[in-house]
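Q:
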Amino acid sequence: MDLSVGAELPPFVRETGLENWNRFAAVMDEFVPHHMDDEAGKKSGMPGAFGMGNLQTSYLHNLIRGWMGEKGRIRNFTIQWAQPNLKNTVVTAQGKIASVEDTDEGKLVSLEMWTEDNNDRKLATATAIVLIAD
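In structure tokens:
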């Protein structure tokens, strides 16, 4: 595993739309009309139905977990949503290493991350601190 500052995490990619929004809503018990119905989304000021913000969080968590594997633990995570995830787009979660600190427990790695759609719209930005055990 490359733990050098600037190293990029392997991207996590997901095609989004009503099918996976519905699955996420079932797990989270979050059946909100503007996430499932175009007319309700339009009443909320969007072009149609739009994805849940917490789904962006899950994509970024998948990015982190896929990269760090079993030796890592998420110590801190923050996210800022910038734009909605619109229906039938491809969302890519990406990230890079911002800093690395040696500790008695292992390497404390700071990450800068984001999600963007296939139109290069940045949907969310996030930071995380993970501990990679020696």
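Numbering follows this note's numbering, in which position 113 of the sequence shown is assigned residue number 107; successive positions increment by one, without gaps.
No residue lacks a Cβ here, since even glycine has one placed at the ideal position from N, Cα and C.
Note that this is a predicted model, so its numbers are computed, not measured.
Quick one: which unbroken beta strand (DSSP E) runs of 3-plus residues sit fully inside the stretch 62 to 116? Chain order, please.
A: Runs found: 66 to 75, 84 to 96, 100 to 111.
Q: So, using beta-carbon positions, are Met46 and Glu24 closer together than 8 Å?
A: In contact: Met46 and Glu24 (Cβ atoms closer than 8 Å).
Q: Quick check on this structure: which residue in Leu102, Thr121, Gly0, Asn79 has the alpha carbon closest to the alpha carbon of Glu110?
A: Of the candidates Leu102, Thr121, Gly0, Asn79, the one whose C-alpha sits nearest the C-alpha of Glu110 is Asn79.
Q: What are the boundary residues of the alpha helix (DSSP H) that Phe18 is part of?
A: From DSSP, the alpha helix (DSSP H) with Phe18 extends over 12 to 22.
Q: Taking the alpha carbon of Asp(-4) as the reference point, which residue from Ile91, Ile73, Lys37, Leu117 has its own alpha carbon closest?
A: Ranking Ile91, Ile73, Lys37, Leu117 by Cα distance to Asp(-4) puts Ile91 first.
Q: Quick check: the Cα distance between Trp75 and Ala127, rounded to an integer number of angstroms?
A: For Trp75 and Ala127, the distance between alpha carbons rounds to 30 Å.
Q: Measure the C-alpha to C-alpha separation of Gly42 and His29 and round it to an integer number of angstroms.
A: Answer to the nearest angstrom: the Cα atoms are 9 Å apart.
Q: By DSSP's criteria, Thr51 is part of a beta bridge. Which residues make up the other side?
A: In the DSSP output, where bridge partners are listed per residue, Thr51 has none listed.
Q: Below 8 Å on the Cβ atoms is my guess for Gln77 versus Lys116; work out the distance and round it to an integer in Å.
A: Contact holds; Cβ gap of about 7 Å.
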